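Enquirer: Mind having a look at this structure? Questions to follow.
Numbering (the working numbering), first residue to last: 13 to 163.
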């Protein structure tokens, strides 16, 4: 369920009523913890947090016209999704996140390679997503990307 919204405001305005509060809280956690050099935008029909071309001119290797992805947030049909390129690319961050998630949440972590799915709105670890957002700087993410992902 990809949004056709072209602005963050439009995306937020289109949210279903039961998703507005959790998306707004997640977005605020991300914004409050966003590393310097990462910006909010629309990306792939979701709220995107990217390293813009002004910081990383090479852009995303899959499509160099796009900025380097860092994180995404989306309201899907049956869940809210948080995508973290860092968690996918840096095992220490993945290990940290899974341990912390188990401490803070009563339900099993539902996760793919980079996507965390939250089906129960009352069991979203908002503060943990904020901590994940701040876990690496833009410079560190660029280094990880260039040495492990891009190659």
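Yeah, the Cβ is synthetic: ideal placement off N, Cα and C, and Gly gets one too.
Keep in mind it's a predicted model, so treat the numbers as computed, not measured.
#1: Within its chain, find whatever has a CB closer than 7 Å to the CB of residue 116; leave out the 5 residues flanking it on each side and keep chain order.
#2: Enumerate in chain order the residues of its own chain whose CB-to-CB distance from residue 134 is below 8 Å, with the five nearest sequence positions on each side excluded.
#3: Measuring CB to CB, does residue 5 end up less than 8 Å from residue 85?
#4: Across the stretch 38 to 54 and the stretch 13 to 28, are there enough close Cβ pairs to call them in contact, namely three or more that are closer than 8 Å?
#5: What is the C-beta distance between residue 91 and residue 129, in whole angstroms, given that I count them as a contact (C-beta under 8 Å)?
#6: Per DSSP, residue 60 is paired with what?
#7: Name the residue from 79, 29, 118, 35 whose alpha carbon lies nearest to the alpha carbon of residue 69.
#8: Got a sec? Which residues, its chain only, sit under 8 Å from residue 98 by beta carbon, not counting five neighbours each side?
#9: Excluding the 5 residues preceding and the 5 following residue 44 in the sequence, name in chain order all residues of the same chain whose CB lies nearer than 7 Å to its CB.
#10: Is residue 48 close to chain D, meaning its C-beta is less than 8 Å from at least one C-beta of that chain?
#11: So the beta strand (DSSP E) residue 130 belongs to, where does it begin and stop?
#12: Go ahead and pull the three-state DSSP assignment for residue 94.
#13: Tell me where the alpha helix (DSSP H) around residue 35 begins and ends.
#14: Can you tell me the Cα-Cα spacing of residue 107 and residue 101, whole angstroms?
#15: Have a look at residue 33 and residue 121 and give me their C-alpha separation to the nearest angstrom.
Expert: In short:
#1: 137, 140
#2: none
#3: Nothing in the structure corresponds to residue 5, since the chain is present only between 13 and 163.
#4: yes
#5: 4 Å
#6: 53, 84
#7: 79
#8: 82, 83, 105, 144, 147, 148, 153, 156
#9: 142
#10: Judged by its chain identifiers, the structure shown contains no chain D, having just a single protein chain.
#11: 127 to 130
#12: strand
#13: 29 to 45
#14: 11 Å
#15: 21 Å
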